[in-house]
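The numbering of the sequence shown is my numbering, which starts it at 143 and goes up by one.
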Amino acid sequence: MFSQAIFLQGLGLGASLIMPIGAQNAHVIRTAVRGRHLLPTVAACILVDVALIALGMSGFGALIESSPRVMMAARWGGAAFLLWYGLRCLRSAWRGQEDGVADDGAAAAQPGSAFRALGLVLALSLLNPHVYLDTVVLLGAVGSSLAQDHRTSFAAGAMTASLLWFSGLGLAARRCAFVLARPKVWRAIETFTGLTMLVLAALLARAA
143 MFSQAIFLQG
153 LGLGASLIMP
163 IGAQNAHVIR
173 TAVRGRHLLP
183 TVAACILVDV
193 ALIALGMSGF
203 GALIESSPRV
213 MMAARWGGAA
223 FLLWYGLRCL
233 RSAWRGQEDG
243 VADDGAAAAQ
253 PGSAFRALGL
263 VLALSLLNPH
273 VYLDTVVLLG
283 AVGSSLAQDH
293 RTSFAAGAMT
303 ASLLWFSGLG
313 LAARRCAFVL
323 ARPKVWRAIE
333 TFTGLTMLVL
343 AALLARAA
C-alpha cells in the first residue's frame, strides 16, 4: 500500500544523501559545462542509484551493516577513493585551464567518446565505496526497518530524489555553463570540491 508520508521520508533522506557535493555531482557539473554526453551521464547516475537502492531494500544493506569487517573495508575503501578524487580536483584547480572544462569539439566527435564518457561515470559511481554506504547500507537499513507494506513507498521516494536531483543539477549546470566555464569560477569549484572530498575522506577514516 502506498504511503505518502513514507514516500516523503524516503524522498527527504535520499535527497539529504545525494545533494551534498560528491564525485557524481562534480562529474555531472563538469559534463554539463563541457556540453558533451550530458544526457547519458545523468541517466547513468540515476540508474545506478535506483539499482543500488533496490539492492539495499532487498535486505543486502542490512546484511552488510551486520558485518563489521565488510563495513570497515567499505569505509576505508571510500576514504581512499575520496582522497584520490579530492587530490585530483585540487590538482585540476592548481593547473587551471590545462585540466579545465574547455570544450573540445574534436574530442567530442571521436568514435566511442560517448562510451568512454559512460564508462567514466559508471566507474565514479560503482568504484566509489561511499556510494554503497549511502544507498545500499544507509537507505537499505532504514528502508528494511519499515513495515513490509511501507518499503516500496520509501524506495520510490529515495529513487525519486535521485531522479529529480541529477536531472535538475544537469539542467541548471548546463544553463549556467557560460558562468561555470570561466577559469576562475571553475578553479573555485574544483578547489571547494577537492577540499570537501578530503574532509569526507577524513571523516570516513575516523569512523573506520
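Cβ coordinates follow ideal geometry from the N, Cα and C atoms, glycine included.
Closest by C-alpha distance to SER199, when choosing among GLY282, TYR227, ALA235: Before going further, note that residue 199 is Met rather than Ser in the sequence given. Minimum Cα distance to MET199 is reached at GLY282.
Beta-carbon proximity check, LEU153 vs ALA303, cutoff 8 angstroms: yes
Alpha carbon of ALA298 to alpha carbon of VAL321, nearest angstrom: 35 angstroms
ARG143 versus ALA165 - alpha carbon distance: Sequence check: residue 143 is Met here, not Arg. The straight-line gap from Cα to Cα measures roughly 35 angstroms.
Alpha-carbon to alpha-carbon, LEU280 and PHE308: 20 angstroms
Euclidean distance between Cα positions of LEU262 and PHE223: In a straight line, the C-alpha of LEU262 is about 14 angstroms away from that of PHE223.
Beta-carbon spacing of GLY201, ALA300 below 8 angstroms: no
LEU159, buried or exposed, once every other Cβ within 10 Å from all chains shown has been counted against 16: buried
Proximity winner among PRO162, ILE148, ALA147, relative to THR335 (alpha-carbon distances): Comparing Cα positions, the closest option is PRO162.
GLY227 versus ALA196: straight-line alpha-carbon distance, rounded: Rather than Gly, the amino acid found at residue 227 in this sequence is Tyr. Roughly 26 angstroms between the two C-alpha positions.
Outcome for ALA244 when other beta-carbon atoms lying within 10 angstroms are tallied against a minimum of 16: Low confidence applies to ALA244: its pLDDT is 46, below 50, so where it sits in the model is not reliable enough to give any reading.
Whole-angstrom distance between ALA193 and ASP291, CA atom to CA atom: 20 angstroms
Nearest candidate by alpha-carbon position, reference ALA186, set VAL278, ALA323, ALA256, SER234: ALA256
Residue range of the unbroken alpha helix (DSSP H) whose run includes GLY336: 325 to 349
Start-to-end residues for the alpha helix (DSSP H) that takes in LEU269: First-last for LEU269: undefined, no H or E at that position.
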